[in-house]
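Working notes, structure below.
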Amino acid sequence: MPAPGHGSRYMRTAVIVCKYILFGSGADAGANALLSGVTHMTEKLVPLEARGISRDFDGVRVLHDVSIEFLPGEVHAIIGENGAGKSTLMKILSGYLAPTAGEVFVDGRPARFADSAAAEERGVILIHQEMNLADDLSVSANIFLGSELRRGPLLDDRAMERRAGELLAELRTKVSPKARVGSLTVSDRQMVEIAKAMWRNARVLIMDEPTDVLTNRETDILFGLIRRLKSSGVTVIFISHKLPEVKEIADRVTVLRDGRLIATQAITDLDEDAMATLMVGRELSEMYPPKRLVPDAEVVLQVEDFTVPGWVENVSFSLHRGEILGLAGLVGSGRTELFEGLLGLRPARGTVRLHGKAVRFRTPRDAARQGIAYVSEDRKGKGLLVDMRMKPNMSLLALERIARPFLSDRVEQKILEQGSSDFDIRTANRNAVVSTLSGGNQQKVVLAKTMQIDPEVIILDEPTRGIDIGTKREIYFLAERLAAQGKAIVLISSELPEIIGLAHRVVVMQSGEVTGILPADRLTEDEVVRYATGLRRDTEQPQREAPAAGGAP
Amino acid sequence: MTVAAVRRRLPNLRALAPLLGLVLLVILGANLNDNFLTTNNINNVLTRSSFIGIIAVGMTFVIISGGIDLSVGSMAAFISGMMILIMNAVMEPLGATWTVVLVGIGASLVLGLAAGLINGLLITRGKIEAFIVTLGTLGIYRSLVTFLANGGTISLALPLRSVYRPVYYGTFLSVPWPIWVFALVAILGSIVLHKTRYGRYIYAIGSNETVARYSAIPVDWVKTWSYVILGLCVSLATIIYVPRLGSASGATGLLWELEAIAAVIIGGTSLRGGNGHIWGTIVGAVLLSTIGNVLNLTSIISEYLNGAVQGLIIILAVLLQRGSRK
Chain A
8 MPAPGHGSRY
18 MRTAVIVCKY
28 ILFGSGADAG
38 ANALLSGVTH
48 MTEKLVPLEA
58 RGISRDFDGV
68 RVLHDVSIEF
78 LPGEVHAIIG
88 ENGAGKSTLM
98 KILSGYLAPT
108 AGEVFVDGRP
118 ARFADSAAAE
128 ERGVILIHQE
138 MNLADDLSVS
148 ANIFLGSELR
158 RGPLLDDRAM
168 ERRAGELLAE
178 LRTKVSPKAR
188 VGSLTVSDRQ
198 MVEIAKAMWR
208 NARVLIMDEP
218 TDVLTNRETD
228 ILFGLIRRLK
238 SSGVTVIFIS
248 HKLPEVKEIA
258 DRVTVLRDGR
268 LIATQAITDL
278 DEDAMATLMV
288 GRELSEMYPP
298 KRLVPDAEVV
308 LQVEDFTVPG
318 WVENVSFSLH
328 RGEILGLAGL
338 VGSGRTELFE
348 GLLGLRPARG
358 TVRLHGKAVR
368 FRTPRDAARQ
378 GIAYVSEDRK
388 GKGLLVDMRM
398 KPNMSLLALE
408 RIARPFLSDR
418 VEQKILEQGS
428 SDFDIRTANR
438 NAVVSTLSGG
448 NQQKVVLAKT
458 MQIDPEVIIL
468 DEPTRGIDIG
478 TKREIYFLAE
488 RLAAQGKAIV
498 LISSELPEII
508 GLAHRVVVMQ
518 SGEVTGILPA
528 DRLTEDEVVR
538 YATGLRRDTE
548 QPQREAPAAG
558 GAP
Chain B
78 MTVAAVRRRL
88 PNLRALAPLL
98 GLVLLVILGA
108 NLNDNFLTTN
118 NINNVLTRSS
128 FIGIIAVGMT
138 FVIISGGIDL
148 SVGSMAAFIS
158 GMMILIMNAV
168 MEPLGATWTV
178 VLVGIGASLV
188 LGLAAGLING
198 LLITRGKIEA
208 FIVTLGTLGI
218 YRSLVTFLAN
228 GGTISLALPL
238 RSVYRPVYYG
248 TFLSVPWPIW
258 VFALVAILGS
268 IVLHKTRYGR
278 YIYAIGSNET
288 VARYSAIPVD
298 WVKTWSYVIL
308 GLCVSLATII
318 YVPRLGSASG
328 ATGLLWELEA
338 IAAVIIGGTS
348 LRGGNGHIWG
358 TIVGAVLLST
368 IGNVLNLTSI
378 ISEYLNGAVQ
388 GLIIILAVLL
398 QRGSRK
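Protein sequence lines, in the order shown, are assigned to chains A and B.
Just so we're aligned, residue 8 is where the first sequence starts under the working numbering, counting upward by one.
Just so we're aligned, residue 78 is where the second sequence starts under the working numbering, counting upward by one.
This is the structure:
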């Protein structure tokens, strides 16, 4: 078995293998096809350029003298760790923020964007990470929002729907112009955003981590589209944390670190290791902690014939003290739903034993009280009070212990300091409102908060989503440290290298069923993907330990 | 750089804006009329602001937790009516004594608690939006009191009025009782909201209910209790309001809900929840009644325009809040 620590080169091969297995090699078919829409004949001009851009927030400089030329028809990736200044730079380029110093040039002429509308006017359009669509309006209404087609004073719905249909057909998506945006998948919404940008004659399309929320298949569709946009002369600026993707799609790469431009290079001159090194500024050591041999420890949590109607069918597995149990499966395989069922967030039935005793959790509160902590994949929506400061966030779960009923600022301050040092949270300002923290720091705050109930079982749902490579590594080591201390950890992840690098055992799910439970010596990406896609399955329920494997009932 | 510097200094200014507004108003009032700063007038203003102020303290809990309660005005009318009827009935066997008044006060507290509990449970257990639930109970209580009064007025029996009278008109250390009650409710409210776990949960839920649920907070319980607290505040306001007029009718407590909400909003709490503080609410409530008082004592603007000036102040306050968001 290949050593699970070989960083990103290994990861890339893995992704290519997955893609091959999952989708065949035809993903790029049609990539050469031109968009039938307008091609912009501005080849000689530089459509967008940043010259000496700096930006301060509250007197602190977060961007230092950044200059980049974006060429017509190129895919330009911007990479960097969280807090490197990528998003700030993109907001300046698209008119959402004004630079403190420096200038943005469009077609070689200085352009002082008063706001994002002014930038759109010039064809520079930012597609947000959190998409800006009106959920309750139809697809065509969204595409034409703000520039509706009219006949006299009245809206010309038919013309808009027809034109929207044409735009969407050009993008080769099956989205109906009449569909309500709220009913679409994330990937389809992205298509709508792009169609909207196309209608506004986008010449430079800035995408902030567009693949973060997409499955592999959806990512392939997006990349096909980006290639087509590119061949019609559109410049695509693409922020991503996923280096294999950058390698796959970008023509040139700009690396930012601590607000400074480190390098702009052709992708052919860089491999993923080189990119990672540029981002972090030092050689990356092993990505994953060395694997500990998990002794035959007692079973903490035993799940038998667990069913979440509509999502999960008769799932059984067990979780031992001190182990990291991976939960792999494609999006939609029911991984998250299984645990939401366990925590009482969805109706479910089946047997759950905690130390051999049958339990039933009705709410996350119930579970927390019995030592089961769930760290949601949705940091902003379910994990953190983003409008509040770090301190109340970190102490929230501790209040039952420390505030009976009166709060003590001294104790809370201690929790803040302890958590910040345990989880190595580095911020300039510990009084910062959580929404201003980087994704990596936010995730660490969630972990610090979760540890306040001293849980026995920690369920980590996509713990590294949207986090840069350096912080990812820290999170892996933190998870291993917690396991070594005797916690039982469930790691739900879509990133196979992460599961294989970190987990001691892996439960693989497909369409709501467990297709296999793989022990450490069988953990290869190939194997996991075969189980995840249903190519292989262990017909008998595998490894069903007796409930009393170690713990007394 | 100056912009950044100004931006950094502004939030403090914004938090203090309602207080500054009140100070300006007091200075204006003092300059326009010599009687404005007399003990009598100050007591008068504070006593008048105590009804809305007490209710607004409870309303602050509800609004910070992300809720709203439109029923408080008609709830006050209903509780007043019931209280008077109960006291009148109990007076028959017991005579006009303090015991009767205490029974009335007890009944009022029970009714306030029950009314709050009903609102809270319908919102949390019934999973109906707070706006709709309390719009419904607003109508119910208002029509119930009209029904009880048979379209007219429910009056407290005369012998009882003289017993009960000091609760509104009496003083302690030469400060009227309603002001004491107001101050006590404000201090208690402040402690609970800012210094206890319950208060922190209120903020957490208003900031993001889903996060609160995932953070093992008993969300439904906390929300239900915020309405109970408000119900109890309404009951306290009623207890000091009834001896003032000694009667209740379909017009009692009309639009109190809007004044209470206005006091909370002027005080810097945002209607979407998650932030705010009690002292702001107190300032808001006092500010509202001071406007009326200043208009009353001076002749620049007709006192008939009281509502218009109050409306202007509310909009101004929200404009300031809006500015603090981006």
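Cβ atoms here follow ideal geometry from the backbone N, Cα and C, with glycine treated the same way.
Through-space distance from residue j to residue i, alpha-carbon basis
i: residue 282 (chain B); j: residue 351 (chain B); result: 7 angstroms
i: residue 125 (chain A); j: residue 170 (chain A); result: 24 angstroms
i: residue 117 (chain B); j: residue 166 (chain B); result: 36 angstroms
i: residue 330 (chain B); j: residue 422 (chain A); result: 47 angstroms
i: residue 263 (chain B); j: residue 276 (chain B); result: 14 angstroms
i: residue 245 (chain A); j: residue 464 (chain A); result: 38 angstroms
i: residue 146 (chain B); j: residue 148 (chain A); result: 35 angstroms
i: residue 41 (chain A); j: residue 235 (chain A); result: For residue 41 (chain A), the pLDDT reaches just 35, beneath the cut-off of 50, and the residue's location in the model is therefore unreliable, although a value from the coordinates is still provided. Near 6 angstroms, if we compare the C-alpha coordinates of residue 235 (chain A) and residue 41 (chain A).
i: residue 369 (chain A); j: residue 350 (chain A); result: 7 angstroms
i: residue 186 (chain A); j: residue 164 (chain A); result: 13 angstroms
i: residue 304 (chain A); j: residue 468 (chain A); result: 23 angstroms
i: residue 311 (chain B); j: residue 111 (chain B); result: 34 angstroms
i: residue 220 (chain A); j: residue 95 (chain A); result: 21 angstroms
i: residue 168 (chain B); j: residue 246 (chain B); result: 22 angstroms
i: residue 33 (chain A); j: residue 143 (chain A); result: Its pLDDT being 38, under 50, residue 33 (chain A) is placed unreliably in this model, and the coordinates cannot settle the point.
i: residue 318 (chain B); j: residue 405 (chain A); result: 42 angstroms
i: residue 284 (chain A); j: residue 270 (chain A); result: 12 angstroms
i: residue 265 (chain A); j: residue 54 (chain A); result: 26 angstroms
i: residue 182 (chain B); j: residue 286 (chain B); result: 35 angstroms
Amino acids of chain B, ordered along the chain, whose beta-carbon sits closer than 9 angstroms to that of residue i
i: residue 381 (chain A); result: 291
i: residue 446 (chain A); result: Those do not exist, as residue 446 (chain A) stays about 16 angstroms from chain B at its closest Cβ, beyond 9 angstroms.
i: residue 72 (chain A); result: Residues of chain B passing the Cβ test: none, with the nearest at roughly 17 angstroms.
Where residue i falls, given that 16 or more other Cβ within 10 Å makes a residue buried
i: residue 492 (chain A); result: exposed
i: residue 247 (chain A); result: buried
i: residue 208 (chain B); result: exposed
i: residue 364 (chain A); result: exposed
i: residue 181 (chain A); result: exposed
i: residue 402 (chain B); result: Any answer about residue 402 (chain B) is weak, because its pLDDT of 44 lies below 50 and its placement is not dependable; what the coordinates show is given next. Looking at its Cβ environment, which holds fewer than 16 other Cβ atoms inside 10 Å, residue 402 (chain B) is exposed.
i: residue 148 (chain B); result: buried
i: residue 312 (chain A); result: exposed
i: residue 204 (chain B); result: exposed
i: residue 279 (chain A); result: buried
i: residue 318 (chain A); result: buried
Residue i: contacting residues in chain B (beta-carbon distance under 8 angstroms)
i: residue 230 (chain A); result: The premise fails here: residue 230 (chain A) is roughly 33 angstroms from chain B at the closest Cβ pair, so nothing lies under 8 angstroms.
i: residue 115 (chain A); result: Near residue 115 (chain A) there are no residues of chain B at all, since even the closest Cβ is about 30 angstroms away, more than 8 angstroms.
i: residue 109 (chain A); result: Near residue 109 (chain A) there are no residues of chain B at all, since even the closest Cβ is about 16 angstroms away, more than 8 angstroms.
Contact list for residue i against chain A, beta-carbon separation under 9 angstroms
i: residue 277 (chain B); result: 399, 402, 403, 406, 410, 414
i: residue 274 (chain B); result: 406, 407, 409, 410, 411, 412, 413, 414
Distance between beta carbons of residue j and residue i, contact taken as under 8 angstroms
i: residue 260 (chain A); j: residue 57 (chain A); result: Not a contact, Cβ separation roughly 15 angstroms.
i: residue 356 (chain A); j: residue 344 (chain A); result: Not confirmed; about 14 angstroms, so no contact.
i: residue 249 (chain B); j: residue 130 (chain B); result: No, residue 249 (chain B) and residue 130 (chain B) are not in contact; Cβ-Cβ is about 18 angstroms, not under 8 angstroms.
i: residue 451 (chain A); j: residue 431 (chain A); result: 7 angstroms
i: residue 308 (chain A); j: residue 361 (chain A); result: 6 angstroms
i: residue 365 (chain B); j: residue 336 (chain B); result: 6 angstroms
i: residue 146 (chain A); j: residue 199 (chain A); result: 5 angstroms
i: residue 70 (chain A); j: residue 60 (chain A); result: 6 angstroms
i: residue 441 (chain A); j: residue 391 (chain A); result: 5 angstroms
i: residue 159 (chain B); j: residue 184 (chain B); result: 7 angstroms
i: residue 140 (chain B); j: residue 348 (chain B); result: 6 angstroms
Near the ligand NAP: residue i beta-carbon under 8 angstroms from a heavy atom
i: residue 232 (chain B); result: Among the components modelled here there is no ligand, and therefore nothing to report on the ligand NAP.
Contacts that residue i makes with chain B (C-beta to C-beta distance below 7 angstroms)
i: residue 371 (chain A); result: 290, 291, 293
i: residue 579 (chain A); result: Within the shown structure, residues of chain A are numbered from 8 to 560, placing residue 579 (chain A) beyond reach of any answer.
i: residue 388 (chain A); result: 287
i: residue 375 (chain A); result: 293
Contacts that residue i makes with chain A (C-beta to C-beta distance below 7 angstroms)
i: residue 284 (chain B); result: 392, 394, 395
Open item on the list: Beta carbons nearer than 7 angstroms to chain A: which residues of the stretch 346–364 of chain B have them?
Closed with: 351
TODO: Could you run through the stretch 161–194 of chain B and flag, in chain order, every residue whose CB is less than 7 angstroms away from some CB of chain A?
DONE: Listed in sequence order: no entries.
Open item on the list: At a CB distance below 9 angstroms, what residues from the stretch 267–301 of chain A approach chain B? Give them in sequence order.
Closed with: Flagged: no residues at all.
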